[in-house]
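Heads up, the thing below is written out as structure tokens.
Residue numbers (the working numbering): 23 to 354.
Quick look at the structure:
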């Protein structure tokens, strides 16, 4: 693809909080401090968002949360098709879709973990408010690996509970920060690494905590969070390890499995959630679902009309989005 000369844009650090991106997604490597961000415009490329000189007056940009940072020039915006899988929840705090397609959801107000088939609905559930092995007090995060082990972060009881596929209790990991009021505990997410260890946000300790495969706290796991506004709003798995969305919801920060900082993606507006696969990142905002490559190049933008979306997950037939009360299938 033939490239035209480099366009240079001066981006104020006060706007993005660090050297980030205007106009589409951008991958920034760890350690970068330069406030001058350069883009190469690729003529004839209709699939990505390309930077346009502001003085030309040709940019089609979208203002999100008062900031014009998502440049949609050259991108065809499609409309999402939505279908409600299940409603009637009180406060869905987190959702996980396993490789088999089963959906796991935790309701922080009902204090339940649900397992659902995307077609037929609820298969089974476990919970009820309490301190027993199979009870919860404000569950905020869930991860179900390949359906063999299910992990639930139980904020009110200050622990992470582990169950087998039949919801039989396997073990408990105490959060060093202790129990946290559900209203004060963000539903950040839970990650299980390839070694079988769990990674989660401990609100009481104000840090990301990791466990060993034997389900004990790994004291050598200490990710550097100086680049992130805390508390993070989302923690999700990625092929490299895991990603964090900071409190500003502007950047997606990338970490290796051992906690080394790898850089960030930005330029998508206010990020509500992200779902990452080997080849695709899907970013949820209040108005759009944005599909990008692993380097941040925007591939597709889809407008949705879901009120107050909270989480997004890849599914065999599309995407699963949740609100506080609904599970929704989205086809883009």
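Ideal Cβ positions, reconstructed from N, Cα and C, are used throughout, including at glycine.
query	result
Residue 128 vs residue 165 beta-carbon contact at 8 Å	no
Under the three-state DSSP convention, the category residue 263 falls into	strand
Straight-line gap, residue 253 to residue 132 (C-alpha atoms, nearest Å)	24 Å
Status (buried if at least 16 other CB within 10 Å, exposed otherwise) for residue 244	exposed
Own chain partners of residue 68 with C-beta closer than 7 Å, once the 5 adjacent residues on each side are dropped	Annotation note: pLDDT 32 at residue 68 (below 50); position unreliable, no value reported.
Cα-Cα separation between residue 248 and residue 177, rounded to whole angstroms	24 Å
With 16 other Cβ atoms within 10 Å as the buried cut-off, status of residue 349	buried
Residue from 212, 175 and 209 whose Cα sits closest to the Cα of residue 194	175
Sub-8 Å separation of residue 271 and residue 284 beta-carbons	no
Nearest neighbour of residue 242, chosen from 279, 301 and 226 [CA to CA]	279
Whether residue 221 touches residue 230 by CB criterion (8 Å)	yes
Close Cβ partners of residue 259 (< 6 Å) along its chain, the five nearest in sequence each way excluded	213
Buried versus exposed call for residue 312 [16 or more other C-beta atoms within 10 Å across all chains shown]	buried
Residue of 262, 108, 261 and 257 minimising C-alpha distance to residue 269	257
CA-to-CA distance, residue 136 to residue 345, given in whole angstroms	15 Å
Sequence-distant residues of its chain with Cβ nearer than 8 Å to residue 281 (five each side left out)	230, 232, 243, 244, 245, 246 and 263
Chain-order list of residues whose beta-carbon lies under 6 Å from that of residue 147 (same chain, five-residue window excluded)	134 and 136
One or two residues paired with residue 110 in a DSSP bridge	Residue 110 pairs with nothing; no bridge assigned.
N- and C-terminal bounds of the beta strand (DSSP E) containing residue 246	Looking at the DSSP string, residue 246 is not in any beta strand (DSSP E), and its letter there is neither H nor E.
Distance between residue 124 and residue 140 (C-alpha atoms, nearest Å)	7 Å
Integer Cβ distance of residue 102 from residue 324, believed to fall under 8 Å	5 Å
Bridge partners - residue 340, DSSP secondary structure assignment	337
Proximity below 8 Å, CB of residue 115 to CB of residue 182	no
Rounded separation between residue 320 and residue 304 - CA only	10 Å
Secondary structure of residue 177, DSSP reduced to three states	helix
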